[in-house]
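So the sequences go chain by chain: R and V. Read the first sequence against numbering that gives the first Met the number 0 and you will find it ends at 199, with the numbers running on by one and no gaps. Read the second sequence against numbering that gives the first Met the number 0 and you will find it ends at 199, with the numbers running on by one and no gaps. Glycine is no exception: its CB is placed at the ideal position from the N, C-alpha and C atoms. Structure first, commentary second.
Protein chains: 2
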Amino acid sequence: MNAATDTRSRIIAAAKPRFHSRSYANVGIQEICESAGVQKGSFYHFFPSKHDLVMAVIDEFADEWAHGFVAEAFDPALPPMERIDYLVDAAYFWQKSIKQIHGRMLGCIFGNLTLEVSTQDDILRAKLLAIFSRAKTRFRETLEEAVAAGTIAPLDSDLTAEAMLAYLEGVILLAKSQNDPEVIYRLGPAIKTLRVETAV
Amino acid sequence: MNAATDTRSRIIAAAKPRFHSRSYANVGIQEICESAGVQKGSFYHFFPSKHDLVMAVIDEFADEWAHGFVAEAFDPALPPMERIDYLVDAAYFWQKSIKQIHGRMLGCIFGNLTLEVSTQDDILRAKLLAIFSRAKTRFRETLEEAVAAGTIAPLDSDLTAEAMLAYLEGVILLAKSQNDPEVIYRLGPAIKTLRVETAV
DNA sequence: CTTGCATTTTACCGAACGGTCAACTAGCAT
DNA sequence: ATGCTAGTTGACCGTTCGGTAAAATGCAAG
Numbered sequence: 000m001n002a003a004t005d006t007r008s009r010i011i012a013a014a015k016p017r018f019h020s021r022s023y024a025n026v027g028i029q030e031i032c033e034s035a036g037v038q039k040g041s042f043y044h045f046f047p048s049k050h051d052l053v054m055a056v057i058d059e060f061a062d063e064w065a066h067g068f069v070a071e072a073f074d075p076a077l078p079p080m081e082r083i084d085y086l087v088d089a090a091y092f093w094q095k096s097i098k099q100i101h102g103r104m105l106g107c108i109f110g111n112l113t114l115e116v117s118t119q120d121d122i123l124r125a126k127l128l129a130i131f132s133r134a135k136t137r138f139r140e141t142l143e144e145a146v147a148a149g150t151i152a153p154l155d156s157d158l159t160a161e162a163m164l165a166y167l168e169g170v171i172l173l174a175k176s177q178n179d180p181e182v183i184y185r186l187g188p189a190i191k192t193l194r195v196e197t198a199v
Numbered sequence: 000m001n002a003a004t005d006t007r008s009r010i011i012a013a014a015k016p017r018f019h020s021r022s023y024a025n026v027g028i029q030e031i032c033e034s035a036g037v038q039k040g041s042f043y044h045f046f047p048s049k050h051d052l053v054m055a056v057i058d059e060f061a062d063e064w065a066h067g068f069v070a071e072a073f074d075p076a077l078p079p080m081e082r083i084d085y086l087v088d089a090a091y092f093w094q095k096s097i098k099q100i101h102g103r104m105l106g107c108i109f110g111n112l113t114l115e116v117s118t119q120d121d122i123l124r125a126k127l128l129a130i131f132s133r134a135k136t137r138f139r140e141t142l143e144e145a146v147a148a149g150t151i152a153p154l155d156s157d158l159t160a161e162a163m164l165a166y167l168e169g170v171i172l173l174a175k176s177q178n179d180p181e182v183i184y185r186l187g188p189a190i191k192t193l194r195v196e197t198a199v
């Protein structure tokens, strides 16, 4: 880890929790720089603009998830439908631990940013959409496997996957509005009752 | 409508579409004043702070919904489960017409604001929560009526109502991420497949 | 030893931010 | 007519915003 990459990653590390716990517009470059112990000129050496910083932050969050809870949840060794339970549980425990540390439920950074910036920045919207799209694929593959195994009745796996993702985001939104991760615990399991029939 | 209330409502009228289409932090008092043809000093005569303005804006949106689509959808003359269809349809058509006019899907102002500000302003969060809470009650009463009529099997009406609200918000979020109201059309109807069993 | 490049520092830009204030105006009740 | 008050005006506050530019520094290859 040379000095350059260290500075860059210190900036990202300072920005991550701030964008997550507040909002894109509410966090300034100056604050990030102070927290990272970096001068503003240095910041703009690594990031052409605030927009580019948040892109990098999104990438880091996405990687973190993809290699953490998501990889655990969508473990092929697990029975398909249990993977979905696992993912919902992971969301619950993650939000719960954040609340214990931070005092507040912060919700899903992708959902947060989507609602805040997607009318103002199509590049950001596309990036967030791609993340949702990948998540949907994981759900779809899981559902297809479950159908193939006879665990669940045939359904429109693509639409049902999208519905499940929507539900998960909605549950996290409601939980955030109550500042209470237990909402995820109560409502989460109903995700498996969602179903879109295959068109005839 | 005397001059005073006219100024006040012009401010709110200018603020509404801006908070809806962008975000709380991204819309400034100055811009609102210019658009409303009002001086800043006048603004602060009616609203002690930006926070108070957005509270009033939320109230207006809530009233608009309560007396518009929501009143139509939860019409006691309609069979219970059709009311839920109606509400989802209303959300779809509303977002669609916004997109036709504005070029973008703006989503649900309550969901948008919840994710943006609820970690930073507990009063705003409480207000938004109260709106969600009222919506949930409408869903719950509808479900209870459907159960009483034998239209659907018994279930935990409170939790299922909350799940349906979460799903609706999630669907609108995903639709916004795709800037495409058709997502609501495709995913919306699956709301009726959601169900939380009553605890034994 | 020098050249060249990546990085960092520092000072600065104009614009916008939310909010304040004192003076002024208009309408209405006494 | 006078006094009170709600409303309005426009100038102003300090701060922060995202972003820039130039000079200084460190370091490695030729």
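TODO: Mind reading off the beta-carbon distance from A200(R) to A189(V)? Whole number of angstroms is fine, and I expect it under 8 Å.
DONE: Lying outside 0 to 199, the shown extent of chain R, residue 200(R) is not represented and no answer is given.
TODO: Identify every run of the alpha helix (DSSP H) within the stretch 30-62 of chain R, keeping only runs that are complete inside it and at least 4 residues long; order them along the chain.
DONE: 39-45
Open item on the list: Using a 10 Å radius around the Cβ and a threshold of 16 neighbouring Cβ atoms, would you call I130(R) buried or exposed?
Closed with: buried
- [ ] Could you tell me which chain V residues have their CB closer than 7 Å to the CB of T118(R), listed as they occur along the chain?
- [x] S20, R21, R103 and L105
Task: Of the listed residues P79(R), M104(R) and E33(R), nearest to Y91(R) (C-alpha basis) - done: M104(R)
TODO: Pick out the complete alpha helix (DSSP H) segments inside the stretch 78-128 of chain R, 4 residues or longer, and give them in chain order.
DONE: 79-101 and 108-116
- [ ] Report the residue from A55(V), P47(V) and T118(V) whose alpha carbon sits nearest the alpha carbon of S20(R).
- [x] T118(V)
Open item on the list: Closer than 7 Å between beta carbons: that is the criterion. Which residues of the stretch 128-143 of chain R meet it against chain V?
Closed with: L128 and F131
Open item on the list: Considering only the alpha carbon of each residue, which of W93(R), D62(R) and L52(R) lies closest to R7(R)?
Closed with: L52(R)
Open item on the list: On a Cα-Cα basis, can you pick out the residue from T197(V), Y184(V) and V199(V) that is closest to V195(R)?
Closed with: Y184(V)
Task: Closer than 9 Å to chain R by CB, A113(V) - done: The identity of residue 113(V) in the sequence shown is Thr, whereas the question assumes Ala. Cβ-Cβ to chain R under 9 Å: yes for T113(V).
TODO: Compare the C-alpha of H50(V) against each of I122(V), A152(V) and N25(V) and name the closest.
DONE: I122(V)
- [ ] Report back the beta-carbon spacing between L114(R) and Y23(R) to the nearest angstrom; my notes put them in contact at under 8 Å.
- [x] Going by Cβ atoms, the distance from L114(R) to Y23(R) rounds to 11 Å, so no, they are not a contact pair.
Task: Residues of its chain near D74(V), where Cβ-Cβ distance is below 6 Å and the 5 sequence neighbours each way are ignored - done: none
Task: Touch test, the stretch 160-174 of chain V against the stretch 167-181 of chain R, Cβ-Cβ under 8 Å, three pairs minimum - done: yes
Open item on the list: Using a Cβ-Cβ distance cut-off of 9 Å, determine whether V56(V) contacts chain R.
Closed with: no
TODO: Check the Cβ-Cβ distances between K95(V) and every residue of chain R, and say whether any is below 9 Å.
DONE: no
- [ ] Express the C-alpha separation of R139(V) and M80(V) in angstroms, rounding to a whole number.
- [x] 11 Å
TODO: Please report the Cβ distance between L186(V) and L158(R), rounded to the nearest whole angstrom; I am assuming they are in contact, meaning their Cβ atoms lie under 8 Å.
DONE: 7 Å
- [ ] Could you check what DSSP says for S20(R) in three-state terms: helix, strand or coil?
- [x] helix
Task: Cβ distance (whole Å) where K98(R) is taken to contact P153(R) below 8 Å - done: Wrong, their Cβ atoms sit about 39 Å apart, outside the cutoff.
Open item on the list: Within 10 Å of its beta-carbon, does R82(V) have 16 or more other beta-carbons around it, so buried, or fewer, so exposed?
Closed with: buried
TODO: Within the same chain, show all residues whose beta-carbon is closer than 8 Å to that of E59(R), passing over the 5 residues directly before and after it, in chain order.
DONE: I11 and K15
Task: Span of the alpha helix (DSSP H) around A72(V) - done: F68 to A72
Open item on the list: Buried or exposed for E61(R), going by 16 or more other Cβ atoms inside 10 Å?
Closed with: Inspection of the sequence shows that residue 61(R) is occupied by Ala rather than by Glu. Classification for A61(R): buried.
TODO: Indicate whether at least one CB of chain R lies closer than 9 Å to the CB of Y166(V).
DONE: yes
- [ ] Select from L77(V), P78(V) and V69(V) the residue whose C-alpha is nearest the C-alpha of W93(V).
- [x] V69(V)
- [ ] Taking T197(V) as the query, report the chain R residues whose CB atoms sit under 7 Å from its CB, ordered along the chain.
- [x] Those within 7 Å of T197(V) in chain R number zero; the least Cβ separation is about 12 Å.
Open item on the list: Can you give me the C-alpha to C-alpha distance between S132(V) and T141(R), rounded to a whole angstrom?
Closed with: 33 Å
Task: Where A147(V) falls, given that 16 or more other Cβ within 10 Å makes a residue buried - done: exposed
Task: C-beta contact flag for D9(R) and V26(R) at 9 Å - done: First, the amino acid is wrong: residue 9(R) is Arg here, not Asp. No.
- [ ] Identify, in the order they occur along the chain, each residue of the same chain with its Cβ nearer than 8 Å to the Cβ of V182(V), setting aside the five sequence neighbours on each side.
- [x] V170, L173 and A174
Open item on the list: Tell me the DSSP secondary structure of Q177(R) in three-state form.
Closed with: coil
Open item on the list: Using a Cβ-Cβ distance cut-off of 9 Å, determine whether K49(V) contacts chain R.
Closed with: no
Task: Minimum C-alpha distance to K191(V) - residue among R124(V), S48(V), Y85(V) and V116(V) - done: Y85(V)
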